[in-house]
C-alpha cells in the first residue's frame, strides 16, 4: 500500500483536498482530527500540557481551553516546539493504527493529511508527499473566517508554523490552491491518475 502524505500550512486547503479524496473512496487519515481527539478530557497529554502552559488551560470540568493553549503555544518558537513534543508521539501512534486498518481493507493508496509530517519520523513512512500551498494573505483570510480570529492572530499562528521553504524541500509535489474548489479538485484528479497507474502497475 502506498502512503501519501498531504501537508501544508494553516489555511492552505489541506482539509478540502482530503475531503475530496475521501469522497473518491480513498482511505484518508486526518491527523488534525487525531490531534483534537488526544486533547479530550482525561487524555494523558493534558497533564503534560497543563504543567508546561499553566493550570488555567483546563476549565473546572477538565476540558481544554483550546484557544488559550494556542495563544500561549504559538506565541514563541519554544512554545510551539513544546506543544509538538508533548502531542506528536501519540498522534503518530494513532496514525499507524489507522494505516493498519486501511492496509487490512486492501487499499492500494492511503492518504495522511497533517502538518506534523515534515521533520517527524512519519516523513520516512511516506512514499510521496504532496504540499498544498496558497498565497500568504489568502491563507490569513481563510484562517480568520474558519477560526473567527483577527488577522494579526492568524498571521502569528501562520508564522509560527514550519517555513514554506522547508516543506517545499521535502515535498514530492506542490499543489497551488489559489482558485476555486473545483480548480483544486481538477489538479488532484490529474495527480490521482498517475498515482493509480503506479499503485496498480
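Numbering (my numbering), first residue to last: 131 to 331.
Positions of the beta carbon are idealized from the N, C-alpha and C atoms, including for glycine.
Quick caveat: nothing in here was measured; it's all calculated off a predicted structure.
Q) How about residue 276 and residue 133: do their beta carbons lie closer than 9 Å? A) no
**Q.** Residue(s) in a DSSP beta bridge with residue 258
**A.** 134
Q.
Rounded to the nearest angstrom, what separates residue 140 and residue 318 at their Cα positions?
A. 19 Å
Q. Going by the beta-carbon positions, is the gap between residue 142 and residue 264 smaller than 9 Å?
A. yes
Q. From what residue to what residue does the beta strand (DSSP E) around residue 240 run?
A. 239 to 243
Q) Is residue 280 buried or exposed, if buried means 16 or more other CB atoms sit within 10 Å of its CB? A) exposed
Q: Using a threshold of 9 Å, state whether the C-beta atoms of residue 175 and residue 220 are closer than that.
A: yes
Q: Give every residue of the same chain whose Cβ lies closer than 7 Å to the Cβ of residue 217, excluding the five residues on either side of it in the sequence, and list them in chain order.
A: 165, 168 and 175
Q | In DSSP terms, what residue 188 is bridged to | A | 194
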